[in-house]
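Okay, so here's the structure we're looking at.
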Amino acid sequence: MLIGDRKQQSYEPRIVAFLCNWCAYAGADLAGTQRLSYPPNVRVIRLMCSGRVDPGFIIEAFLEGADGVIVAGCHPGECHYEHGNRLAERRMTTLQHLLGFIGIEQARVRLAWVSAAEGRKFAQLIETTVEEVRALGPFQQFPRRAP
Amino acid sequence: MSLPQVLDRHLRDLFGSGRVNSVLGAIPTRGPLGMAQLARTPEEVERFTLSPLACPNLLVHLTSKEARLDPTRFPLAVLARGCETRMLNQIFSEHGLRRDQVYVVGLAHCPGAIDPRRLSAQLPVLRGFPEATIEGEEVVIREESGELARLARTELVLERCRHCQNHEPLIDDYRFDLVEEADWIEPVSVDEDPGVEAIDAMIPIERWAYWRSQLERCIRCHACRDACPLCYCENCILERHTPCWVKRSVNLPENTAYQLLRVMHLVGRCTACGECERACPVDLPLGLMMRKMENLVREYYGHRSGLDPSGEHLLSIFDPRDTTATARLEQ
Amino acid sequence: MNNRVGVFICHCGKNIARTVDVEALRKEAAGLPGVEWAEDDMYLCSDPGQQLIRERIAEQNLDAVVVAACSPTLHTTTFRRAVESAGVNPFRLEIANIREQCSWVHPGTAETTHKAAALVRSGVEKARRTQPLEPIHVGLQRAVVVIGGGVAGIQAALDIAEAGYPVHLVEQGPNLGGRMAQLSETFPTLDCSSCILTPKMVEVSHHPLVTIHTLAEVTDVEGSIGNFQVRIRQQPRYVIAEGCTGCGDCVPACPQVVPGEFDRGLGARKAIYIPFPQAVPFTYTLDREHCLNQGPLIICDRCAQACEPRAIDFDQQPSEELVEAGAIVLATGCDTLPLSHFREYGHDRHPDVIDGLMFERLLSASGPTHGEIRRPSDHRVPKSIAFVQCAGSRDPERGKAYCSQICCMYTAKHALLYHHAVPDGKVYIFYIDIRAGGKGYEEFVERVRAEDGINYIRGKVAKLIPKDGKLEVWGVDTLLGEQVKVEVDLVVLATALVPSQGIQELARVARVAIDGDGFLSEAHPKLRPVESQTRGIYLAGTAQGPRDISATVAHAAGAASKVLGLFSHDELVEEPTIARVNEALCRGCSFCVSVCPYDAISLHEGTAHVNETLCRGCGACTPACFAAALGPRGFEDDQILAQIRALAC
Amino acid sequence: MTSLAYYPGCSLKRFASGCEIAGLEAARRLGIELVELERWNCCGTVFSMSSGERMHHLGSLRNLVRVQEAGYPEVVTMCAMCQNTLRQVNNEVRGDGDSLAMMNRFMDEEPAYRGEVEVLHYLTLLDRLGSEAIAARVERPLTGLRVAPYYGCTLVRPPSAGIDDPEDPNIMERLLEALGAKVVRDPMRVECCGAYMGVSKPGTINVRASAIHGSARNSGAEALATMCPLCAHNLDAVGPAPDEPALVVFYFTQLVALALGAKPEQCLAATQRVDPRPLLSTKGLLEEPQP
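Residue numbers (our numbering), protein chains in the order written: chain A, 54 to 200; chain B, 140 to 470; chain C, 57 to 705; chain D, 25 to 315.
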């Protein structure tokens, strides 16, 4: 397998990002067309709406090896499906507090609003998240599933 | 100590009038726990007891697989205390059961239920069929030979009774006072929850160290899930393999995923009744997570499950004012 | 599980190949479980590129395809057609975005290729779990309901009826015409407004395919694009339309005199009336609110006596009608900011402070003063007039933040028409900026500015002080840097355009979005200005925002063309990526019912059911259902979990 | 007899004492006892508001601390400028915790201000009682007296510290109707009287005064009524040019006291250049009220 084993190199956090198709994913594309640069630690999964993100996905991401998770959707009031982002807000908030309660740092899960016109903001979101998760260190709470 | 005369006759009338096919209540057992019992005939009613020592998990028998496979038990009458009527409301609001399937015998002026573990910790020598009555802030334990002990109520009752806000049934078709109106004094409901506060005070590493030591002991016997009156899914995703959310192996990561997913499926529904913790064979402090989440949804969204039989589910709606600290990049 | 997946990696010239080691990526992809074939190519989106994919599908008998190239927003349809033409279901195509979200934003290091490999792995895992999906075909009702009988509604109705489809034109007022019917002349050509509007009104009233409902309102809208059920509530006119010949004998007989809404309160009308002579339908209306007969008790029947064809019927009842329609056009027009809003101008205590629409009525030959400009207080011809531009517009603190677009032009027109009527009259126009962007508009304003007696003063008006029968206008001339005090006989405020009354309620009923200022929200401000955010409901005219008559007509014609585009298909073809319920797992808890923004899910005998035309596939219902009994095709739990596994390690 | 904290302000103790005497008497007749604060200092006048410098606002803040110490939830003031300054400072510190904390630290010998005091102008106090309650206590209705209320600036601007609509105030009109007077709604009632401009450019006050008096006279008024000592000084003490006729300028409290049946010397204690007695006697408003 070509994948370098992350543990030997200096610690590079692995971030999984769930982006909503209409705003955050388009914002990420815009960062590309603007040729901005941001760390390659983030791997994107495209969903139709941030309202589709099941709290279980975040738990699975940690199980499978992620050190941090981003869920990004449209700004409140701009959701393509009216209020998918508002539903995501309650789900992610309750999940963050549950994870925090058992000792998984809340900062490992970040919910953010990025519009299709905010390429720079998307790049900045990636940078700050990677820095924050790097500061927290690798996900030590439990061993991950073998790839 | 069978049922008081008035209640006994009322339950028999329910059978007589064909209003119910069965009555669900508690019967005394050796030692302080009591057992849930489904009376199918009027005669079996007289075995029931209202003793605070006999408060088993009744409501799980309304939504369990057996209940679904045995529809003849409905319509069913249930002897329900305040907290149990709150759970009934939540089940009705989720269409787990129709309101007309359950005849609610509301047990009013509920002084609380004794926690068997706390009682045996304080009275290890207890045997036989003890009698217990709660008088104000004191619990009096009696045996045939007379009064055995007099202990503080808040030290003996279940955790949910210490925080109880519903001493009176929220819904009922018939009401019966456990304590006479004359000498009923509203028990003190305690706010602080040392267990949850202790963990809140910890820093993440300490919290994880504590929960790691607990979750490592989980044997994935599903007792917590099967004891929960709200976990009545046909094919629970924690057991599904396509897609596979939680793998079969019993180890720290899968156990953690199992409990996190179970709790997330109860957020906004759970009434913190504590039955999951009571059913756990390895004594995992599951009640801590449930009470933490119940406090959180009340503090953040002003949501208390089970107060309205037609209430909306917390995570299916939103409020324009929801601006919790999730989108930190915004601040 | 599809186990014969073909992975095609695009160089995109240098755009991907510069920072991603395409060869290593190809080797990596070839070794992935379920992958039968992996190949790279310079330009996959080109015809040779697509031909390459088609050939490989045939050669290697591939059952799913992953294209690692640019963002799916660019070529998804292109590649879907390519795979479909080679016999693979178009929804078994997955695109890995290794350009915008990988090669363009990361340096040419090994880590970038690792990331590209992970994205390809994720695409493959999802592709292996895709199901063949067929687009959903829904029947289409080829009829339309146009709400609003002004020039926008009329234009939309005519264009659609001309194309051969039935139209229900619903107007709240007693007759068609809307705002335009109240105007005297129109800028910049000074055409008589009713002369150019009446032929359109007559044409629409005689068109066989157009059914006109006046004194009617839409009270309920059910269903979705292609299959709306619209409930129209008809208020009683108390005059039998067929019987009424329009002779007008009833009017002199009626004892009840009432301020006329059509004349904005400047003129009076009887309880039985017709708003203006060219009204269509040309039928009188009895306004029971002001008629002496209140309720069932009839104490005065003079109009009935005077009506020779016996066309008055006091006990007509409201009626309702349910209309099937495939599309709805909202053309509810606009209103102006009420004068009571301008306390600093003291309107409520001074009749000679009026708004632009009232001045139009004074100019109009069918108006209360038969075209002679006379001021409301003492009916004398005003010797001097002050026009106040931006009254309530471009005023975020006390009024509306937006520019109402048409006031500069109609004020110039008012000034010119007044100058023609009273050559020695003095005109002061207080403005901030003159906006004359249309064809021939700037030239028109220059022509007005050149007239002597017309003074453009750049500055806002602070106060109006009534002073012995005249009005002292306190303003400022920012160009000269001086305060200005001018005494005039009449003040005309060019008040801001605001959405029409009742738009809030109609938007709630039709479930369409409204913007911050109360205008209807368009699907996209630049690219989809005539569509609402609700599919199948289109917007025409000032209901969507301030615009002049020519822009309104063009906007309405645009809405009509969208409707005709929809009706040109035999049926509606819907994206198949909508939610599907697994009845066996559904507990009937209805959590999904309350979460759906489109009310697409309902409970039938304790099991959830998805209305395929309403569901848009957002997936908000899936996390709400913890029995995981429903999910949008194309974004199912197993696919996403597989993607997480592929990406997280 | 309800009692409220009362902050007089400097002018009401000297130049505008007539306003205070009439105001206290009228309040007493309406069953309100205005208890003057033991210690109070100058409110800093509108001058202090000209800069955002927090140190200049300590004057008003110290007065609010005095009210808080005395334990009253509200403080009443008659002078338009005092209520304007006190309310602007109150709004400011309530909205900005940091500067309040800094100011509290600076005034180390004073207890910290908690921001719970409400500042109430005398007119708002009367308006709160309601026209019926006031009309019921009128013993000498001001019938026939044509009065034009004059607000000036500090009673209504800025809106956050104003007691009524800055463009179209109505509070004095409502109260005058309750007192039986003939209300004249003059359009110049919210125009500036020239304020301190008289100091640097003496002529301006005459110009402003003649415009205001002229407009009120055109609207048919015989007298002006104001609640601001500075406006009263400019409109009466300075007034229009000597050769122009000038209207009587009352403090509004004088009219209230007069209507409620107070003795004339209590109502006319103010030093008015244009003597109000001839006007009042023609209206029969100087006799004892009939029982």
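Positions of the beta carbon are idealized from the N, C-alpha and C atoms, including for glycine. All values reported here derive from a predicted model rather than from experimental measurement.
By the C-beta criterion, the stretch 120-131 of chain C is judged to be in contact with the stretch 152-167 of chain C, since at least 3 inter-stretch pairs fall below 8 Å.
At a cut-off of 8 Å, the C-beta of Leu-472(C) has no neighbouring C-beta in chain B.
The beta-carbon of Ser-259(B) is placed no less than 8 Å from the nearest beta-carbon of chain C. C-alpha of Val-231(D) to C-alpha of Ala-265(D): approximately 8 Å in a straight line.
Against chain B, the CB of Ser-178(C) has no partner CB under 8 Å away; the residue lies outside that interface. Look at Ala-396(B): its C-beta is under 8 Å from a C-beta on chain A. For Pro-679(C), the enclosing alpha helix (DSSP H) covers residues 677-680. Counting other Cβ atoms within 10 Å of its Cβ, Ala-321(B) stays below 16 and is therefore classed as exposed. About 5 Å separates the CB atoms of Lys-307(D) and Leu-169(D); that is less than 8 Å, so the two are in contact. Residue contact with chain A for Pro-333(B): absent (no Cβ-Cβ distance below 8 Å to any residue of chain A). For Arg-184(C), there are no neighbours in chain B by C-beta distance under 8 Å, as the nearest C-beta there is about 13 Å away. Straight through space, the alpha carbons of Val-99(D) and Ser-239(D) are spaced by roughly 35 Å. Within the same chain, Arg-443 come within 6 Å of Arg-437(B) by CB-CB distance, once the 5 residues on both sides are set aside.
Here Asn-349(C) has Ile-355, Cys-356, Phe-370 as same chain residues with Cβ atoms under 7 Å from its own Cβ, once five neighbours each way along the sequence are excluded.
Taken in chain order, the unbroken stretches of alpha helix (DSSP H) that lie wholly in the stretch 572-643 of chain C and span 4 residues or more are 605-623. Within the same chain, and ignoring the five residues on either side of Leu-153(B) in sequence, the residues whose Cβ sits closer than 8 Å to its Cβ are Val-159, Val-162, Ala-216, Tyr-242. Per DSSP, the beta bridge partners of Cys-390(C) are Pro-555(C). Rounded to the nearest whole angstrom, the C-alpha separation of His-269(C) and Leu-378(C) is 12 Å. Sixteen is the threshold: since fewer than 16 other Cβ atoms of the shown chains lie within 10 Å of the Cβ of Leu-353(C), the residue is exposed.
In the three-state reduction of the DSSP assignment, Val-258(C) falls in the helix class.
Cβ contact annotation for Leu-427(B) (same chain, cutoff 6 Å, sequence separation greater than five): Gly-334, Val-335, in chain order. With distances taken between CA atoms, Gln-312(C) lies nearest to Lys-326(C) out of Gly-321(C), Gly-304(C), Leu-214(C), Lys-326(C). DSSP places Phe-243(C) outside both helix and strand once states are collapsed to three, so it counts as coil. In the structure shown, Lys-456(C) adopts coil according to DSSP, grouped into three states.
Counting other Cβ atoms within 10 Å of its Cβ, Met-57(C) stays below 16 and is therefore classed as exposed. Bridge partners of Phe-64(C) according to DSSP: Glu-95(C), Val-123(C). For the stretch 361-376 of chain B, residues whose beta-carbon sits nearer than 9 Å to a beta-carbon of chain C comprise Tyr-371, Cys-372, Glu-373, Asn-374, Cys-375, Ile-376. A direct Cα-to-Cα measurement between Cys-674(C) and Arg-88(A) gives close to 30 Å. Look at the stretch 136-152 of chain A: the residues with a C-beta under 7 Å from a C-beta of chain B are His-136, Arg-139, Leu-140, Glu-142, Arg-143, Arg-144, Met-145, Thr-146, Thr-147, Leu-148, Gln-149, His-150, Leu-151.
Ranked by Cα distance from Phe-338(C), the options Cys-463(C), Cys-359(C), Cys-303(C), Gly-316(C) are led by Cys-303(C). What Asp-694(C) touches in chain B, judged by beta-carbon distance under 8 Å, is Thr-381, Pro-382, going in chain order. Interface flag for Glu-543(C) against chain D is unset, since no Cβ pair is found closer than 8 Å. Across the set Lys-516(C), Gly-537(C), Asp-524(C), the C-alpha of Lys-516(C) shows the shortest separation from the C-alpha of Trp-530(C).
A contact between stretches requires three or more CB pairs, one per stretch, nearer than 8 Å, and the stretch 302-312 of chain B fails this requirement with the stretch 257-265 of chain B. For the 8 Å CB-CB criterion, Phe-415(C) and Val-548(C) form a contact.
When secondary structure is reduced to three states using DSSP, Cys-251(C) falls in the helix class.
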